[in-house]
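8 protein chains.
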Amino acid sequence: MKFKVYLSGEIHSDWREQIIEGVQKENLNVEFFSPVLDHDASDAAGDGLGQEETGFWRDHKSAKVNALRTRTLIDKSDITVIRFGEKYKQWNAAFDAGYCAALGKPYITLHPADLVHPLKEVDAEAKAWAADPKQVVEILKYLFK
Amino acid sequence: MKFKVYLSGEIHSDWREQIIEGVQKENLNVEFFSPVLDHDASDAAGDGLGQEETGFWRDHKSAKVNALRTRTLIDKSDITVIRFGEKYKQWNAAFDAGYCAALGKPYITLHPADLVHPLKEVDAEAKAWAADPKQVVEILKYLFK
Amino acid sequence: MKFKVYLSGEIHSDWREQIIEGVQKENLNVEFFSPVLDHDASDAAGDGLGQEETGFWRDHKSAKVNALRTRTLIDKSDITVIRFGEKYKQWNAAFDAGYCAALGKPYITLHPADLVHPLKEVDAEAKAWAADPKQVVEILKYLFK
Amino acid sequence: MKFKVYLSGEIHSDWREQIIEGVQKENLNVEFFSPVLDHDASDAAGDGLGQEETGFWRDHKSAKVNALRTRTLIDKSDITVIRFGEKYKQWNAAFDAGYCAALGKPYITLHPADLVHPLKEVDAEAKAWAADPKQVVEILKYLFK
Amino acid sequence: MKFKVYLSGEIHSDWREQIIEGVQKENLNVEFFSPVLDHDASDAAGDGLGQEETGFWRDHKSAKVNALRTRTLIDKSDITVIRFGEKYKQWNAAFDAGYCAALGKPYITLHPADLVHPLKEVDAEAKAWAADPKQVVEILKYLFK
Amino acid sequence: MKFKVYLSGEIHSDWREQIIEGVQKENLNVEFFSPVLDHDASDAAGDGLGQEETGFWRDHKSAKVNALRTRTLIDKSDITVIRFGEKYKQWNAAFDAGYCAALGKPYITLHPADLVHPLKEVDAEAKAWAADPKQVVEILKYLFK
Amino acid sequence: MKFKVYLSGEIHSDWREQIIEGVQKENLNVEFFSPVLDHDASDAAGDGLGQEETGFWRDHKSAKVNALRTRTLIDKSDITVIRFGEKYKQWNAAFDAGYCAALGKPYITLHPADLVHPLKEVDAEAKAWAADPKQVVEILKYLFK
Amino acid sequence: MKFKVYLSGEIHSDWREQIIEGVQKENLNVEFFSPVLDHDASDAAGDGLGQEETGFWRDHKSAKVNALRTRTLIDKSDITVIRFGEKYKQWNAAFDAGYCAALGKPYITLHPADLVHPLKEVDAEAKAWAADPKQVVEILKYLFK
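Residue numbers (this note's numbering), protein chains in the order written: chain A, 1 to 145; chain B, 1 to 145; chain C, 1 to 145; chain D, 1 to 145; chain E, 1 to 145; chain F, 1 to 145; chain G, 1 to 145; chain H, 1 to 145.
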């Protein structure tokens, strides 16, 4: 038994490493996927296709190139963990949640308690809300019981 | 020929009225749907099912009751317009965008120019980005040409 | 705006009438569907196709003839209300819940509080749990707000 | 040729062991999956996400955490065996049957003869009804003929 | 409540008329659809697109033109009745059954008892087997109970 | 019985008028849909959303706005007629054919005989190839037989 | 590159061996699947679940047990070859064709020329008609070119 | 992490070799698929099934035999690259784009700048437009960052 887990959302803290290390300590058969985590590289993902005059089209191209990776990996995964932090808008994380919900793909949200109210629609479709990465590790550990 | 249009997202300004009035002036055959627009009623949507001790479960119940309406109406609609304002996080709006994208349902985003960068993944799947409600009316008018 | 609501499950009490009357008093635009509610007729639904020696095949034929109606009506409906009572096993009601969940069709459960534990998997996918028919009417009323 | 088989339902008797051992004796290439079989652990699956005041929300969280495993494994499986015993309500087993039926995933029911009548809708969509685990082994053996 | 019923299969006897008349006597709200019933016209359906040298391509073109109608009408229908007679091979009728089964669309078979063995796979996915048109009328009547 | 027919492809000749008039003469119950047929308006469909520096982005925006209409109308239609002329590349017409094929939506191609070789993959999935609009009318007339 | 090929239909001649041997001689990377080919065993597939009084239910049970294998293997396969012989009705083969067509799974028919007319609807959805097993081997060989 | 990439479209230049070699130099874990690239063999793909009198049917048979390969490989792939050259009509390439779009499968277009206008609908659904094979290699390299 093996689970494939996609780690979506915030890329400015080490929550992914915490989950991956926690899972490795437990020797669980989990394969993790992520978007590109280098922020500058992600913003420039489309630059190789030609320079743009406006921010809108530069962003547009980069977002689509990134989607080549994120869509493919979410589709391959059994479970998605979606992280929301306090500083950023992370509409892409909420977008991923809606994408998973529509396809019936289960996901776990990971966010601090003070985001409960604005994330209520996202949490309503989640299979679990975790407040810290250790709880995500606990859930993944339980799945192999 | 008739189009069904769902108006998703921010509920604190009159953008829906502007679109609906603009469309009525043009005599276009559009049927509009919306979520419940009364903010307090929306937050209390699940209260009739019993009081909750914690904010999380109150929000959870209300979000699910609202989903009975929003899911049904998005599924019935041909096109969704998704509005993001500057003040609020509106993760539910981004969630609706992801939901539409996964099902291949076309949507238009409506937001000011300074949200272009954080909304790039949401805009990347949109069929159009409009900066004000008049542009949405223009598009809808064009569809009946 | 109109909602189509299928009323699934227990057929030995008047919960359907209570919901339908409650909705009529509120003048809501809801069209209700139900399975055949005459218990003996339902058990005999397949008898016209020839008599059977064993209970298994009589039940089998009748269950399939009933499925012609129930499947069609659930598929046509926007929302399903699924009622569990205390006296009966009503595995067919739980079956309908699983059927709705797989297709992403939202449903509301209706059952007394002492069934919460054995129904936890069914409630986990529900958009709401109502303990009495009045609460279902409240939710439906809210949807038209 | 290999079949993946999910064993759903009752967790208080050794029917899973009987099927697995029977299949191993025949050297059939079957990979089996199950939900978590430790009843107390299953009821407590969500406890790591925070304590709850009420039974409803404790059950709710645990049912959803369990769904992360059960949904994923049913989706991966070719065939599901669904066991109903006499003592328990096992609405979750009937839910799994409805879930499989909606997705066109074939399943086998396993239950004693005196449950034939209340399970008629569940059996009507099954590819086979087995009265004891040996019959399930017989069917699986036949599939490799 | 209304059902849409597609009448597939054999076109050399009056079974369709019998069902339609039986349903009209009962005043049931059923809308019936059928393929083109004029055998020669059906074989010549593609002739207007140009003459063919070989029987294979004449048949090929006509079968595809007919599929424009049959596919559309099966897709629109809630229930399909599929008739097999003794004289003809009617592989198209069995094809329609497989098509319905794959899409989860319920169907009823209509055929004499001596075809039970060769039709076992087709009957296995049917919701009912009727031996004469009156039984089909009985089932349709029951659906409106 | 009614058919909805989408007329896709070339917008520089009067083939749509010929089909619509032919069908009207026969009093067939067909509802026709088309993309916006005014070439300049179509190329400028996105201009109301802001001027672009480059041809690529102007085209991009207009193509997406047009997709709001074309996708919706193809999805609503039972049958699509796809016209290829000799002068233009009409990759959008071939795109519509692939879109229909993937969704199992039947389509008819309409093109002169000298395009048979380059259109072989498109014709291979079509239900019919017509060389002139009269043949399309003939097929539609046949569907109502 | 590897193809999975399901060999459906007639089980009284050695056409499967001819195809498999032909493919082995060419060293093509093809994995073949088939239904159970022992006719008596296939008819008795459900006997282990209890004896039946009537032929209908014996056939019914066996057909469903066989479906556990055939459905799973068709779903796993990339291409299905469907064989029709002159002596038998083989409605199950036509059923498999309809099943494949509905799911967009490509299939090849294999039958003598004098079955062209009654099989026209089945051939109309096929990607190829082969008159003998060597032609099927030719096609499979071509796919690896 | 591995990506499967299908290379669709023009078969008269060495763009596939350029991409494959570029990817190999970077040691990326990409598995490439293509249609049959031998033009004459592709046109003759159906000849083994019997000679045809007319070009239409010869083309028809060959296109369908080729579809056995192309459909299967596109379905297996994560990403499709679709190449349009200046000399040919390549409606099959645009057909593949529409096919991918309908199924939500991401694709990249590869074509010179002077094809931007006629390809606008195809580019509108693409995740990226590359003007030369090196840019495709750049994107694939980025996906493994």
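Note that beta-carbon positions come from the ideal geometry of N, C-alpha and C, so glycine has one too.
Within the stretch 106-145 of chain C, the runs of alpha helix (DSSP H) that reach at least 4 residues and sit entirely inside it are, in chain order, 120-124, 133-143. For the C-beta of Trp-15(G), not a single chain C residue is nearer than 7 Å; the gap to the nearest is close to 35 Å.
Proximity of the stretch 93-104 of chain H to the stretch 66-77 of chain H meets the contact definition, three or more beta-carbon pairs being nearer than 8 Å. For the pair Gly-46(H) and Leu-110(G), the Cα-to-Cα distance works out to about 14 Å.
Between Val-81(A) and Tyr-6(A), the CB-CB gap stays under 9 Å. Going by DSSP, Gly-9(H) is part of no alpha helix (DSSP H) but of the beta strand (DSSP E) stretching over 3-9.
Using a C-beta cut-off of 8 Å, the stretch 6-22 of chain A makes no contact with the stretch 114-131 of chain A, since fewer than three inter-stretch Cβ pairs fall below that distance. Across the set Ile-11(H), Asn-29(H), Ile-20(H), Gly-22(H), the C-alpha of Asn-29(H) shows the shortest separation from the C-alpha of Met-1(H). Less than 9 Å separates the beta-carbon of Ala-41(D) from that of Lys-145(A). A distance below 7 Å between beta-carbons, with the five flanking residues on each side excluded, links Pro-112(C) to the following residues of its chain, in chain order: Glu-86, Ala-131.
Within a 10 Å sphere around the beta-carbon of Gly-48(B) sit 16 or more other beta-carbons, which makes this residue buried. Taking C-beta atoms as the reference points, Ile-108(C) and Phe-3(C) fail to come closer than 9 Å. Leaving aside the five residues that flank Asp-59(F) on each side, the residues in its chain whose CB is nearer than 8 Å to its CB run, in chain order, Asp-43. Annotation: the continuous beta strand (DSSP E) that includes Phe-33(F) extends over 30-33. Under the DSSP assignment, Val-36(F) falls outside any beta strand (DSSP E); it carries neither an H nor an E label. Contact between Lys-64(B) and Pro-118(A) does not hold, since their C-beta atoms are separated by about 16 Å, which reaches or exceeds 8 Å. With 16 or more other Cβ atoms inside 10 Å of its own Cβ, Gly-9(E) counts as buried. With respect to Ser-62(H), Lys-120(F) sits close: the two C-beta atoms are nearer than 9 Å. Using a Cβ-Cβ cut-off of 7 Å, Gln-135(H) is close to Gly-48, Leu-49 of chain A, given in chain order. Under a criterion of Cβ atoms nearer than 7 Å, the residues of chain A adjacent to Pro-118(B) are, in order, Lys-89, Trp-91. Legend: CB atoms of the stretch 79-113 of chain H lying less than 7 Å from CB atoms of chain B belong to residues Gly-104.
Neighbourhood of Lys-64(A) in chain B, by CB distance below 8 Å: Ala-124, in chain order. Of the residues assessed, Asn-66(G) falls on the buried side of the cut-off, its CB having 16 or more other CB atoms within 10 angstroms. Residues of chain D whose Cβ lies closer than 7 Å to the Cβ of Glu-138(A) are, in chain order, Gly-48. CA-CA distance, Leu-37(F) to Ile-11(F), rounds to 6 Å. Thr-70(G) carries a helical assignment under DSSP once its states are collapsed to helix, strand and coil. Across the structure, Gly-50(E) and Gly-104(F) are spaced so that their CA atoms are roughly 25 Å apart.
For Tyr-6(E), the nearest beta carbon of chain C is not closer than 9 Å to its own beta carbon.
Contacts with chain G at 9 Å (Cβ-Cβ) do not include Arg-58(H). Straight across, the Cα-Cα distance linking Gln-24(D) with Gln-135(D) is about 15 Å. According to the DSSP assignment, Thr-54(C) belongs to no beta strand (DSSP E), since it is labelled neither H nor E. Assignment of beta-bridge partners to Ile-79(H) by DSSP yields Val-5(H). Excluding sequence positions up to five before and after Thr-70(D), its CB lies within less than 6 Å of the CB of Pro-35, all in the same chain and listed in chain order.
Excluding five sequence positions before and after Phe-32(C), the CB atoms of its chain that fall closer than 7 Å to its own CB belong to Val-5, Leu-7, Ile-20, given in chain order. Not a single CB atom of chain D sits nearer than 9 Å to the CB of Ala-44(C).
Chain order gives the chain C residues near Glu-53(G) as Glu-53, Thr-54, where near means a beta carbon separation below 8 Å.
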